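Novice: Next up is a structure, given as structure tokens.
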Amino acid sequence: MSSQINNHISDEEIQDFIDSNSKASDAGVINHLKQCMMCRKRLEEYWQLYELLSYEIPLSSLPAPTIEKIVSITSAEAEAFSQIPGESYTEKALSCSTGGIQTIDVLKQNTAKQSADGAFSSDIVLKAVWKKAGILALSFLAGLGILFLPITLSEILTSVLQFVINFSARGYSYVQLCIDFIKTNLDIRPAFLILKQIVLNIPLSLVYYLISLTITVTIISVIDHFIHQKLLRRR
Amino acid sequence: MKSKCLTEYMKPNYAREHLLSDQILSDNHSSERSLVERVLAEDNEACKEFIVRYKRLIGHIIYRMVDNPADREDLCQEIWIKAFKHLKHFQFRSLLSTWLGRITYNTVINHLRKSGIPLYNDISVDFEDSETELHYKNTAVTSEQIVERRELSAEIDTAIRKLPEQYRLIITLFHLDGMNYHQIGDITGLPEGTVKSHLFRARKALKKILTASLKGEDIYQ
Numbered sequence: 036m037s038s039q040i041n042n043h044i045s046d047e048e049i050q051d052f053i054d055s056n057s058k059a060s061d062a063g064v065i066n067h068l069k070q071c072m073m074c075r076k077r078l079e080e081y082w083q084l085y086e087l088l089s090y091e092i093p094l095s096s097l098p099a100p101t102i103e104k105i106v107s108i109t110s111a112e113a114e115a116f117s118q119i120p121g122e123s124y125t126e127k128a129l130s131c132s133t134g135g136i137q138t139i140d141v142l143k144q145n146t147a148k149q150s151a152d153g154a155f156s157s158d159i160v161l162k163a164v165w166k167k168a169g170i171l172a173l174s175f176l177a178g179l180g181i182l183f184l185p186i187t188l189s190e191i192l193t194s195v196l197q198f199v200i201n202f203s204a205r206g207y208s209y210v211q212l213c214i215d216f217i218k219t220n221l222d223i224r225p226a227f228l229i230l231k232q233i234v235l236n237i238p239l240s241l242v243y244y245l246i247s248l249t250i251t252v253t254i255i256s257v258i259d260h261f262i263h264q265k266l267l268r269r270r
Numbered sequence: 008m009k010s011k012c013l014t015e016y017m018k019p020n021y022a023r024e025h026l027l028s029d030q031i032l033s034d035n036h037s038s039e040r041s042l043v044e045r046v047l048a049e050d051n052e053a054c055k056e057f058i059v060r061y062k063r064l065i066g067h068i069i070y071r072m073v074d075n076p077a078d079r080e081d082l083c084q085e086i087w088i089k090a091f092k093h094l095k096h097f098q099f100r101s102l103l104s105t106w107l108g109r110i111t112y113n114t115v116i117n118h119l120r121k122s123g124i125p126l127y128n129d130i131s132v133d134f135e136d137s138e139t140e141l142h143y144k145n146t147a148v149t150s151e152q153i154v155e156r157r158e159l160s161a162e163i164d165t166a167i168r169k170l171p172e173q174y175r176l177i178i179t180l181f182h183l184d185g186m187n188y189h190q191i192g193d194i195t196g197l198p199e200g201t202v203k204s205h206l207f208r209a210r211k212a213l214k215k216i217l218t219a220s221l222k223g224e225d226i227y228q
């Protein structure tokens with residue numbers, strides 16, 4: 036019995052005993068504690084420590100979120116993301132069609148010049164383009180029609196320039212949006228996220244634009260080529 | 008020594024108490040699921056409920072691991088924004104409290120790393136048995152002891168701040184948030200055995216620190 040008293044229980048065993056984790060050895064621990072005053076004192080001390088550790092930290096000391104601010108920032112962020120170009124399909128489609136329509140406008144003028152004898156007005160040409168575009172689009176690979184390009188380089192550059200101006204105008208409006216967010220929420224982080232999204236979207240938008248430009252130019256130039264051949268045959 | 012039955016010293020079994028039965032776990036999950044769904048549907052009331060329910064847990068972790076009050080406030084906002092932003096990705100594979108705890112822990116750890124604070128530094132006190140006893144008064148809550156309790160709370164807070172951040176966190180999650188070793192392991196990424204040994208070492212060190220700091224102070228005699 037005296038040897039049992041001399042083999043004091045460890046701090047870990049005392050903690051385990053209080054935590055009630057060591058059921059198997061509880062009997063031994065209890066037996067020892069009954070006989071050993073020193074270990075009982077240590078048990079008492081640990082028990083008091085446990086009591087102290089369970090004291091709640093005053094709520095006023097804890098960092099607290101401003102609920103309204105968090106809710107407003109998160110909903111404003113969600114709204115902002117829905118407006119960023121490239122985030123929705125509609126935006127992507129709009130981006131493509133902008134480039135396409137500008138190209139068609141350039142080609143329309145070009146084709147109208149070519150059919151100067153009046154046999155084909157520009158409207159007729161366009162009508163023909165739209166009619167056949169669906170079928171032709173399937174058979175043309177991007178870039179193939181570049182070989183038949185009837186338009187000048189300056190015309191393409193004009194179109195690209197228009198796209199850049201358009202994109203810059205939009206970019207400016209998103210920068211304005213960021214400034215508004217900073218002013219409203221006094222938090223710069225959502226604005227950074229928006230700017231990051233815009234920067235990431237620039238290459239993507241350019242790719243969309245180039246694809247739409249190439250496909251439109253291909254389709255229209257081939258049609259233009261056929262129309263031109265037809266006119267020549269008539270003459 | 009008070010004449011107290013030995014079994015009275017046994018705390019309610021944290022480890023087993025928190026091994027929730029399937030029924031309780033499933034109730035918790037369904038209540039969490041419904042709250043998360045409402046939050047994702049942008050129900051403002053649900054957002055507030057979500058914050059109120061978990062702000063204490065997040066507050067505890069930040070409070071214990073970060074010393075600078077200004078940093079605490081910034082981190083708190085950052086963590087809540089992160090939580091709302093990523094809530095749609097929550098898969099209900101763990102308790103929401105564990106998921107939030109993990110986000111908080113990772114954000115705080117990143118902050119501490121950026122600030123160059125070592126995370127696993129050894130405790131500077133030795134673990135030799137102290138010859139001095141801890142003499143606390145009975146800490147049962149009575150109206151006249153509220154002030155004293157506040158003082159004790161500040162004392163323990165100062166003592167906990169002398170521990171490494173990891174130990175502070177584990178002690179807080181276990182004693183204040185009632186988490187078991189498994190949940191704490193989920194949050195910190197440590198194995199259960201390591202959590203347990205950190206917890207034991209932290210308490211031992213804390214006892215030593217408190218013994219030294221309370222030695223000779225009359226208010227605890």
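Residue numbers (our numbering), protein chains in the order written: chain S, 36 to 270; chain A, 8 to 228. Quick reminder that beta carbons are idealized off the backbone N, C-alpha and C, glycines included. As the structure is a computational prediction, the values presented were derived from the model and not from experiment.
1. With 16 as the cutoff for other CB atoms within 10 Å, does residue 186/A come out buried or exposed?
2. Considering only their Cβ atoms, is the gap separating residue 178/A from residue 167/A smaller than 8 Å?
3. Let's test the definition: count the other Cβ atoms within 10 Å of the Cβ of residue 99/A and tell me whether it reaches 16, buried, or not, exposed.
4. Comparing C-alpha positions only, which one of 49/S, 81/S, 54/S sits nearest to residue 215/A?
5. From the DSSP output, in three-state form, read off residue 181/A for me.
6. Short of 8 Å Cβ to Cβ, which residues in the segment 89-116 of chain A face chain S?
7. So, does the CB of residue 160/A fall closer than 8 Å to a CB anywhere in chain S?
8. I'd like to know if residue 238/S contacts chain A, where contact means its C-beta is closer than 8 Å to some C-beta of that chain.
9. If you run the structure through DSSP and keep just helix, strand and coil, what is residue 50/A?
10. Is DSSP giving residue 171/A helix, strand or coil here?
11. Consider the Cβ of residue 62/A: report whether some Cβ of chain S lies at a distance smaller than 8 Å.
12. Between 210/A, 108/A, 157/A, 189/A, which has its C-alpha nearest residue 200/A's C-alpha?
13. List, in chain order, every chain A residue whose beta-carbon is nearer than 9 Å to that of residue 97/S.
14. State the DSSP-derived secondary structure class of residue 100/A, mapped to helix, strand or coil.
15. Please identify, using Cβ separations under 9 Å, the residues of the segment 73-92 of chain S that lie next to chain A, in order along the chain.
16. Using a Cβ cut-off of 8 Å (strictly closer), state whether residue 264/S contacts chain A.
17. Where does residue 77/A sit, in a helix, a strand or coil, going by DSSP?
18. Give the secondary structure of residue 84/S by DSSP, where H, G and I count as helix, E and B as strand, and everything else as coil.
19. Give the range of the alpha helix (DSSP H) segment to which residue 188/A is assigned.
20. Would you say residue 182/A reaches chain S, if we count a Cβ-Cβ gap shorter than 8 Å as a contact?
21. Is there at least one non-hydrogen atom of the ligand MG closer than 7 Å to the beta-carbon of residue 102/A?
22. On a CA-only basis, which of 101/A, 205/A, 58/A is nearest residue 37/A? Give me that one, please.
23. Could you spell out the range, first to last residue, of the alpha helix (DSSP H) harbouring residue 53/S?
24. Report buried or exposed for residue 77/S, applying the criterion of at least 16 other Cβ atoms within 10 angstroms of its Cβ.
25. Mind reading off the beta-carbon distance from residue 67/A to residue 88/S? Whole number of angstroms is fine, and I expect it under 8 Å.
26. Round the Cβ separation of residue 82/A and residue 105/A to the nearest angstrom and send it over; I've been treating them as touching at under 8 Å.
27. Mind checking if residue 175/A is an interface residue toward chain S, Cβ cutoff 8 Å exclusive?
28. Applying the 10 Å Cβ sphere with the 16-neighbour rule, what's the burial state of residue 111/A?
29. Taking the alpha-carbon of residue 180/A as reference, which of 47/A, 64/A, 172/A has the nearest alpha-carbon?
30. Counting only beta-carbon atoms, is residue 213/A nearer than 8 Å to chain S?
31. For residue 175/A, count the other beta carbons within 10 Å of its own beta carbon; 16 or more makes it buried, fewer makes it exposed. Which is it?
32. Is there a C-beta anywhere in chain S that falls below 8 Å from the one on residue 210/A?
33. Would residue 48/S and residue 64/S qualify as a contact pair, given that the criterion is a beta-carbon distance under 8 Å?
34. Just checking: is the beta-carbon of residue 163/A within a distance shorter than 8 Å of some beta-carbon in chain S?
35. Three-state secondary structure (DSSP) at residue 124/A?
Specialist: Looking at the coordinates:
1. Against the second sequence, residue 186/A aligns to sequence position 179. It is buried - the Cβ of residue 186/A has at least 16 other Cβ atoms within 10 Å.
2. By 1-based counting over the second sequence, the position of residue 167/A is 160. By 1-based counting over the second sequence, the position of residue 178/A is 171. Going by C-beta atoms, residue 167/A is nearer than 8 Å to residue 178/A.
3. By 1-based counting over the second sequence, the position of residue 99/A is 92. The residue in question, residue 99/A, is exposed, as its Cβ has fewer than 16 Cβ neighbours within 10 Å.
4. By 1-based counting over the second sequence, the position of residue 215/A is 208. The candidate whose alpha carbon is nearest that of residue 215/A is 81/S.
5. In the second sequence, counting from the first residue as 1, residue 181/A sits at position 174. Helix at residue 181/A.
6. Among the residues of the segment 89-116 of chain A, those with a Cβ less than 8 Å away from any Cβ of chain S are 91, 92, in the order of the chain.
7. By 1-based counting over the second sequence, the position of residue 160/A is 153. Interface residue, yes.
8. Translated into the one-based positions of the first sequence, residue 238/S becomes position 203. Judged by the 8 Å Cβ criterion, residue 238/S is not in contact with chain A.
9. Locating residue 50/A in the second sequence gives position 43, where the first residue counts as 1. In the structure shown, residue 50/A sits in coil (DSSP, three-state: anything other than H, G, I, E or B).
10. On the second sequence, position 164 is the one that residue 171/A refers to. In this structure, residue 171/A counts as coil in the three-state DSSP scheme.
11. The residue labelled residue 62/A in the question sits at position 55 within the second sequence. Residue 62/A counts as touching chain S.
12. Position 193 of the second sequence, counted from the start, is the residue given in the question as residue 200/A. Per the C-alpha coordinates, the member of 210/A, 108/A, 157/A, 189/A positioned closest to residue 200/A is 189/A.
13. Position 62 of the first sequence, counted from the start, is the residue given in the question as residue 97/S. Simply 62, 63, 65, 66, 67, 69, 70, 79, 83.
14. Residue 100/A sits at position 93 when you count from the first residue of the second sequence. DSSP places residue 100/A in coil when its eight states are reduced to three.
15. For the segment 73-92 of chain S, which is checked against every Cβ of chain A, the residues closer than 9 Å are 75, 76, 77, 78, 79, 80, 81, 82, 83, 84, 85, 86, 87, 88, 89, 90, 91, 92.
16. Reading the first sequence from its first residue, position 229 is the one you call residue 264/S. Not a single C-beta of chain A is nearer than 8 Å to the C-beta of residue 264/S.
17. Position 70 of the second sequence holds residue 77/A. Three-state DSSP puts residue 77/A in a helix.
18. Here residue 84/S is taken as the residue at index 49 of the first sequence, counted from 1. Helix.
19. Residue mapping note: residue 188/A aligns to position 181 of the second sequence, counting from 1. Segment 188-195, the alpha helix (DSSP H) holding residue 188/A.
20. Locating residue 182/A in the second sequence gives position 175, where the first residue counts as 1. Put simply, the CB of residue 182/A is near chain S, with a gap under 8 Å to one of its CB atoms.
21. The ligand MG is not part of this structure, which contains no ligands at all.
22. Your numbering for residue 37/A matches position 30 in the second sequence. When C-alpha distances from residue 37/A are compared across 101/A, 205/A, 58/A, the shortest belongs to 101/A.
23. The count along the first sequence starts at 1 and reaches residue 53/S at position 18. Residues 46-54.
24. By one-based count along the first sequence, residue 77/S stands at place 42. By the 16-neighbour rule on beta-carbons within 10 angstroms, residue 77/S is buried.
25. Taking the second sequence and counting its residues from 1, one reaches residue 67/A at position 60. Taking the first sequence and counting its residues from 1, one reaches residue 88/S at position 53. Not really, about 12 Å apart at Cβ, beyond 8 Å.
26. As a first step, residue 82/A must be located in the second sequence, where it is residue number 75. As a first step, residue 105/A must be located in the second sequence, where it is residue number 98. Not quite, the Cβ-Cβ distance comes to about 19 Å (not below 8 Å), so this is no contact.
27. The count along the second sequence starts at 1 and reaches residue 175/A at position 168. For residue 175/A, the answer is no, since every Cβ of chain S falls outside 8 Å of its Cβ.
28. Locating residue 111/A in the second sequence gives position 104, where the first residue counts as 1. Counting other Cβ atoms within 10 Å of its Cβ, residue 111/A reaches 16 or more and is therefore classed as buried.
29. Stepping through the second sequence from its first residue, residue 180/A is reached at position 173. Ranked by Cα distance from residue 180/A, the first of 47/A, 64/A, 172/A is 64/A.
30. Locating residue 213/A in the second sequence gives position 206, where the first residue counts as 1. Interface residue, yes.
31. In the second sequence, residue 175/A corresponds to position 168, counting from 1. Answer is buried; the Cβ neighbour count reaches 16.
32. Residue mapping note: residue 210/A aligns to position 203 of the second sequence, counting from 1. At a cut-off of 8 Å between beta-carbon atoms, residue 210/A makes contact with chain S.
33. Locating residue 48/S in the first sequence gives position 13, where the first residue counts as 1. Locating residue 64/S in the first sequence gives position 29, where the first residue counts as 1. Yes. Within cutoff.
34. On the second sequence, residue 163/A is found 156 positions in, with the first residue counted as 1. It does; some Cβ of chain S falls within 8 Å.
35. To locate residue 124/A, count along the second sequence from 1; it is residue 117. Of the three classes helix, strand and coil, the one that applies to residue 124/A here is coil, per DSSP.
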